[in-house]
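In the numbering used here, the protein residues as written are 624 to 1046.
Glycine included, each C-beta is placed from N, C-alpha and C at the ideal position.
This one's a predicted model, so the numbers in the text were calculated from it and none came from an experiment.
This report concerns only the one structure given below.
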Ligand code: PMM
């Protein structure tokens, strides 16, 4: 069953994209993390520098002053924490107080020391490096959003990030990739990446997806009537975040990064219920057509069954089989309405099994063919020729078949319906 981890976002920044300023106070931040965990978040992603387009860079020391007290408080409570940072020094500090993930939206490209820190953390503490796809500090104008083929280019760039990380010493098992929605990608490009997520999962690393409250969802909401947009949610895009996160999970995402863990937990529960319900083979796939369909609808449950009918014949692809002949055993399961025969004790209202056996022996014993499939078809034809037979399931066994191994039996089965066509 599809299961994606929920990574709850906790931005302890004054200026983050959707929750800037909300959690700068330590107690408020810890309470929010606990709420996210209670609502179903598996990991809390703590960030101290906004990477939204147009944001101002902060000194790594300022970033650390923001995130470290929060991370310490969370890891002390046994909460699984990820540090969302572009800075190796912040990543190293966070690792020293027990984070399990370094989430670098630049995939190790921004800070030349990042992969060294990630490698050490991977080797010594089994810390996982989450490498995002990026082309530089996001700019409001999206000047770097030009791709010839966004899926191929992002895939190749992420493949290179993973390669670089492994070369630096990060264990392959400690790598997660993220296409970095919102980072130099238009909404349409993000949707194209999500729709074709297999291209990324095929790289062989877990994939994290962050659609949460992003522009790609704002563009979708523009298609929705105004009255359907404001549902009293914390953020107008939280419902679309949950839905898109489920789609990501269905496409094989390892995890989804969201601000609203509750909505995504509910959406994931829908996906689990949907996927765990028993699947019926659709009637369209199995239903016979035409005369077969009629025969099926009227098909009685009653049966005349004849098993182990022995016929000596010369079927087979080898010359010696044709010359010497061998034993064939036939099983016939004919669907016949037996009500009239039973109530009237009337042989004429059922299939006379003696005659059926005789007709099959006669049909199988003559005219040698290569395949027992052909023999089975022939027996089905003979059986359906008996009055009242709606369908016939035939098995032809060839226990002396020329197989160079010890075996008990080999057989083929066909099922045919009165009226001609096969199912
Ligand atoms: N997006 C943001 C920040 N960090 N990390 C990962 N791995 N993936 C993302 O998509 C991602 C991220 C920007 O969103 P925010 O400012 O709302 O946190």
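message: In this structure, how does DSSP classify residue 1016 when only helix, strand and coil are distinguished?
response: The three-state reading of DSSP puts residue 1016 in strand, counting E and B together.
message: Please report the distance separating the alpha-carbon of residue 684 from that of residue 624.
response: Rounded to the nearest whole angstrom, the CA to CA distance from residue 684 to residue 624 is 43 Å.
- prompt: Which residue spans inside the segment 787 to 813 form an unbroken beta strand (DSSP E) run of at least 3?
  reply: Those beta strand (DSSP E) runs which fall completely within the segment 787 to 813 and span 3+ residues are 798 to 801.
task: Tell me whether residue 828 is buried or exposed, calling it buried when 16 or more other Cβ atoms sit within 10 Å of its Cβ.
output: Buried.
- prompt: What residue does the beta strand (DSSP E) around residue 951 start on, and which one ends it?
  reply: Note, residue 951: beta strand (DSSP E), 949 to 959.
query: What's the C-alpha gap between residue 955 and residue 962?
result: A straight-line Cα-Cα distance of about 20 Å links residue 955 and residue 962.
- request: Give a single yes or no on whether residue 734 has its beta carbon closer than 7 Å to a heavy atom of the ligand PMM.
  value: Answer for residue 734: no, Cβ out of range of the ligand PMM.
query: Could you give the distance in angstroms between the alpha-carbon of residue 1012 and the alpha-carbon of residue 953?
result: Cα-Cα distance, rounded: 17 Å.
field: Neighbourhood of residue 846 by C-beta distance below 8 Å, restricted to the same chain and skipping five residues each side
entry: Closer than 8 Å at the Cβ level, and outside the excluded window around residue 846, lies no residue.
- prompt: Touching or not, the segment 891 to 904 and the segment 926 to 934, by the rule of three or more beta carbon pairs under 8 Å?
  reply: Touching, no.
task: Within its chain, find whatever has a CB closer than 8 Å to the CB of residue 999; leave out the 5 residues flanking it on each side and keep chain order.
output: Answer for residue 999: 1017, 1018, 1019, 1035, 1036 and 1037, listed in chain order.
query: Rounded to a whole number of angstroms, what is the C-alpha to C-alpha distance between residue 806 and residue 896?
result: Straight-line Cα distance between these residues: approximately 33 Å.
query: How close, in whole Å, do the beta carbons of residue 736 and residue 754 come, if the pair is a contact with beta carbons under 8 Å?
result: Wrong, their Cβ atoms sit about 15 Å apart, outside the cutoff.
message: Let me confirm a value: residue 790 is counted as buried when at least 16 other C-beta atoms fall within 10 Å, else exposed. Which label applies?
response: Around the C-beta of residue 790, fewer than 16 other C-beta atoms lie within 10 Å, and the residue is accordingly described as exposed.
- request: Please say whether residue 938 and residue 995 have beta carbons closer to each other than 8 Å?
  value: In this structure, residue 938 lies closer than 8 Å to residue 995 by Cβ.
message: To the nearest angstrom, how far is the alpha carbon of residue 1022 from that of residue 987?
response: The alpha-carbon atoms of residue 1022 and residue 987 are separated by roughly 16 Å.
- prompt: Is residue 801 near the ligand PMM, in the sense that its beta carbon is under 7 Å from a heavy atom of that ligand?
  reply: Checking every heavy atom of the ligand PMM against the Cβ of residue 801, one is found closer than 7 Å.
task: Compute the distance between the beta-carbons of residue 703 and residue 723, then report whether it is under 8 Å.
output: Yes, Cβ-Cβ distance for residue 703 and residue 723 is below 8 Å.
- prompt: Mind checking whether residue 690 and residue 674 have CB atoms under 8 Å apart?
  reply: Not in contact: residue 690 and residue 674 (Cβ atoms no closer than 8 Å).
task: Could you tell me which residues DSSP puts in a beta bridge with residue 933?
output: The bridge partners DSSP lists for residue 933 are 952.
Nearest candidate by alpha-carbon position, reference residue 797, set 834, 743, 817 and 840: Closest by C-alpha distance to residue 797, out of 834, 743, 817 and 840, is 743.
Buried versus exposed, by CB contacts within 10 Å (16 or more), residue 966: Per the 10 Å Cβ criterion, exposed.
- request: Quick one: measure Cβ to Cβ for residue 875 and residue 800, integer angstroms, because I've assumed they're closer than 8 Å.
  value: Actually they are not in contact, since the Cβ atoms of residue 875 and residue 800 sit about 12 Å apart, beyond 8 Å.
- prompt: How would you write the range of the beta strand (DSSP E) that residue 995 sits in, first residue to last?
  reply: For residue 995, there is no enclosing beta strand (DSSP E); the enclosing alpha helix (DSSP H) has its first and last residue at 995 to 1007.
query: Given 8 Å as the limit, is there contact between the segment 626 to 635 and the segment 646 to 660, that is, 3 or more CB pairs closer than that?
result: These segments touch.
message: Given this structure, state the Cα-to-Cα distance separating residue 815 from residue 759, to the nearest angstrom.
response: Answer to the nearest angstrom: the Cα atoms are 21 Å apart.
- request: Per DSSP, which residues does residue 1038 bridge with? Please list them.
  value: 1016.
message: Here's the rule I'm using: 16 or more other beta-carbon atoms within 10 Å means buried, otherwise exposed. How should residue 585 be labelled?
response: Nothing can be reported for residue 585: it is not among the residues displayed for the chain, which extend from 624 to 1046.
field: Outcome for residue 786 when other beta-carbon atoms lying within 10 angstroms are tallied against a minimum of 16
entry: With fewer than 16 other Cβ atoms from the protein chains shown falling within 10 Å of its own Cβ, residue 786 counts as exposed.
field: Extent of the continuous beta strand (DSSP E) run through residue 732
entry: Residue 732 -> no beta strand (DSSP E), and no H or E assigned at all.
- prompt: To which residues of the same chain is residue 951 closer than 8 Å at the C-beta, ignoring the five residues directly before and after it?
  reply: Excluding the 5 residues flanking it on each side, residue 951 has same chain C-beta neighbours closer than 8 Å at 933, 934, 935, 936, 938, 987, 995, 998, 1019, 1020 and 1021, in chain order.
message: Quick check: is any heavy atom of the ligand PMM less than 7 Å from the C-beta of residue 634?
response: Yes, the Cβ of residue 634 comes within 7 Å of a heavy atom of the ligand PMM.
- request: Return helix, strand or coil for residue 967, following the three-state DSSP convention.
  value: Three-state DSSP puts residue 967 in a helix.
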